[in-house]
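My numbering numbers the first residue of the sequence shown as -4 and each following residue consecutively. Glycine included, every Cβ here is placed at the ideal spot set by N, Cα and C. All values reported here derive from a predicted model rather than from experimental measurement.
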Amino acid sequence: MRGPHNIIRLIRTGATLERTGAMKVVLDAFDAGPLLRITFRALVWPFRWLGYQGDIAMPPAPRALTALGPAYIKFGQLLSTRPDVVGDELAVQLRVLQDKLPPFSMKEAKIQIQRELGLSFDQLFTSFSEPVAAASLAQVHKAHLADTGEAVAVKILRPGIERAFRKDIDAFYFAARAIEVLSPASRRLRPMEVITHFEGVVMGELDLRLESAAAAEFAANTEGDAGFQVPQIRWHLSSRRVMTLDWAEGTNIGINDALDAAGHDRRALATRVLQLFLNHALRDGYFHGDMHQGNLKVAANGDIIAYDFGIMGRIDEYTRRVYAEILFGFIRKDYNRVAEVHFEAGYVPADRDVDEFARALRAVGEPIFGMDASRISMARLLTYLFEVTERFGMETRTELILLQRTMVVVEGVARSLDPHMNIWQVAKPVVEDYIKESIGPKALLRDLAKTAQVLARFGPRLPRLAEDALIRLNNPPPEPKPQRRIARLSWMALGGVLVGGAWIITLL
Ligand SMILES: Nc1ncnc2c1ncn2[C@@H]1O[C@H](COP(=O)(O)OP(=O)(O)O)[C@@H](O)[C@H]1O
Ligand SMILES: [Mg+2]
């Protein structure tokens, strides 16, 4: 993690940012102070020639990241979902990052398969196509199984990609630490935490067994969803670096002419794609977090097919109920209730003013509901809502940001299918059904039954637990002796020195 090689890497990164004009964009986005600006630019300027030039047709930030390679492209894509970190302007710029790279060779692909699956290539497949898609982490081939003749999709990780990412991520950590040291103000944006989150996401995507598990869980949840398909995983032909799924053929959902030619009802598709997503988020608490047009197709029978389960979102049941109530409050324009829900859930600190918060929520809701039906957007409602709640002291939560970002994407897909769609009308029944199921009397009974079940499990131990509690109540333990102030301070000082020392050592 340490060492001069990271400095060299970062100089190349800095030089590329400088050469493409992205340095200023990045420093602006992070509100960098003068010390950081001067240090960075002075360090990098003499090495400018070392930087990549990139594709001059692109805007500066995506141009630099694309030139720097897969880890940077991925990092940029992640940051595009975090306007709370990089600001709105840079987030929008980064959204154009395309995850496409030249494929690796067929020979490499075959070697990977044999090594991973432990069987010779010819034993497994009778046909194996050139890659049908190639991105920064993996590429996909179409193949036919030797034993049954069925068509499958085989996704294979890029050779050496783990090591390449490891190196770049180490350099990112190094940079995050350097930024925290040079610009204490930047700590507000928690650069180290952003990198840790990135590492978690990417390392997850670099283990295809996790994607296979996600696909299987998603398929099980959505089995009963009419008009929706998730290709089945072939577990015996899947491993860490190779994933095999049933081949699922379809028309690209982003090409209206092709959909029309195939006789699909685009209005019905638009409604379905939005309702499916809402159901997955609310009903299952498990949703596809990357629902752009490249990951969706329409089967000949009209079913929507989803691919690519590298990024999934999970929302716990409590949060889902809270947000269902919040959305329901907005539907009824009951802004006081929406405000109260935030306070009850502890999302907004108790010392904030409820009435002022309710007024801010009205300012979110009214303009949106006053819009022409074809422009109403739930994603926009969530975006504005999160802006307001953040202003009132609510902590940013990555799963909700992913939800809101995906909602933006899904609404985009739906509107491209049916530009006149009334998103609110389509969404309303899903939200209302969920409310009825999750907050109404039926749900209360279900919760009580669950509680009773848990208590029943403790049944045999309850008398003992009660007795212990009563004994403890009657014999309170002695108060801990207050530590002398001076001793406490010296412990704190020693801790500080140790942590600081360790930090400096890792920095060197
Ligand atoms: N089971 C499948 N059947 C047919 N085509 C598939 C299947 N899985 C993937 N593909 C094709 O390969 C493309 C890339 O696969 P995807 O899983 O999205 O990879 P990446 O994570 O690199 O985006 C998809 O957009 C789709 O066109
Ligand atoms: Mg994809």
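Please work out which residues of its chain come closer than 6 Å, Cβ to Cβ, to residue i, disregarding the five sequence neighbours upstream and downstream, and give them in chain order.
i	result
residue 10	39, 42, 43, 45, 46
residue 284	306, 307, 308, 397, 401
residue 360	325
residue 163	66
residue 74	81, 89
Bridge partners of residue i, per DSSP?
i	result
residue 149	136, 239
residue 65	Partner(s): none; residue 65 has no beta bridge.
residue 281	309
residue 51	Partner(s): none; residue 51 has no beta bridge.
residue 292	247, 300
residue 270	According to DSSP, which records beta bridges pairwise, residue 270 is partnered with nothing at all.
residue 128	135
residue 399	Note: residue 399 sits in no beta bridge, so no partner.
residue 224	300
Measuring alpha carbon to alpha carbon, tell me which residue in the options is nearest residue i.
i	options	result
residue 149	193, 242, 340, 15	242
residue 3	71, 169, 373, 107	169
residue 509	323, 127, 131	Not covered by the structure: residue 509. The range shown for the chain is -4 to 503.
residue 506	269, 297, 276	This structure does not reach residue 506, given that the chain is present from -4 up to 503, and the question cannot be answered.
residue 418	368, 380, 429, 395	368
residue 376	452, 69, 0, 323	323
residue 438	269, 278, 362	278
residue 178	403, 407, 34, 321	34
residue 8	31, 48, 29	48
residue 195	462, 161, 29	161
residue 15	62, 0, 293	62
residue 111	219, 6, 230, 362	230
residue 413	202, 143, 248	248
residue 191	393, 64, 303	393
residue 91	364, 72, 114	72
residue 120	126, 101, 113, 144	144
residue 354	380, 468, 473	380
residue 519	202, 95, 221	This structure gives no information on residue 519, because the portion of the chain shown stretches from -4 to 503.
residue 395	424, 313, 436	313
Give every residue of the same chain whose Cβ lies closer than 7 Å to the Cβ of residue i, excluding the five residues on either side of it in the sequence, and list them in chain order.
i	result
residue 85	20, 24, 56
residue 212	281
residue 356	330, 333, 334, 383
residue 347	387, 388
residue 182	175
residue 343	337, 352, 384, 387, 388, 389
residue 410	416
Once you ignore the five residues that flank residue i on each side, which residues in its own chain have a CB closer than 8 Å to its CB?
i	result
residue 13	36, 39, 40, 43, 46
residue 482	For residue 482, the pLDDT reaches just 49, beneath the cut-off of 50, and the residue's location in the model is therefore unreliable, although a value from the coordinates is still provided. Nothing meets the Cβ criterion.
For residue i and residue j, which I take to be in contact (beta-carbon distance under 8 Å), what is that distance rounded to the nearest angstrom?
i	j	result
residue 107	residue 236	6 Å
residue 104	residue 151	5 Å
residue 225	residue 301	6 Å
residue 310	residue 276	6 Å
residue 187	residue 171	5 Å
residue 54	residue 99	Going by Cβ atoms, the distance from residue 54 to residue 99 rounds to 28 Å, so no, they are not a contact pair.
residue 405	residue 264	Rounded, the Cβ-Cβ distance is 12 Å, inconsistent with contact.
residue 128	residue 135	5 Å
residue 138	residue 124	7 Å
residue 109	residue 141	Not quite, the Cβ-Cβ distance comes to about 14 Å (not below 8 Å), so this is no contact.
residue 391	residue 79	5 Å
residue 340	residue 433	Going by Cβ atoms, the distance from residue 340 to residue 433 rounds to 14 Å, so no, they are not a contact pair.
*Unbroken stretches of the alpha helix (DSSP H), 4 residues or longer, contained in the stretch 413 to 464*: Entirely contained in the stretch 413 to 464, the alpha helix (DSSP H) runs reaching 4 residues are, in chain order, 418 to 434, 436 to 453.
*asked:* Which complete beta strand (DSSP E) runs does the stretch 88 to 131 hold, if anything under 3 residues is left out?
replied: Secondary structure in the stretch 88 to 131: the beta strand (DSSP E) runs of 3 residues or longer, each lying completely within the stretch, are 120 to 129 in chain order.
*Starting from the N-terminal side, write out each stretch of the beta strand (DSSP E) that is 3 residues or longer and does not extend beyond the stretch 357 to 388.*
Look at the stretch 357 to 388 and you find no whole run of beta strand (DSSP E) that is 3 residues long or longer.
*Length-filtered (4 minimum) alpha helix (DSSP H) runs lying within the stretch 25 to 49*: Residue ranges of uninterrupted alpha helix (DSSP H) with 4 or more members, entirely inside the stretch 25 to 49 and ordered along the chain, are 29 to 39.
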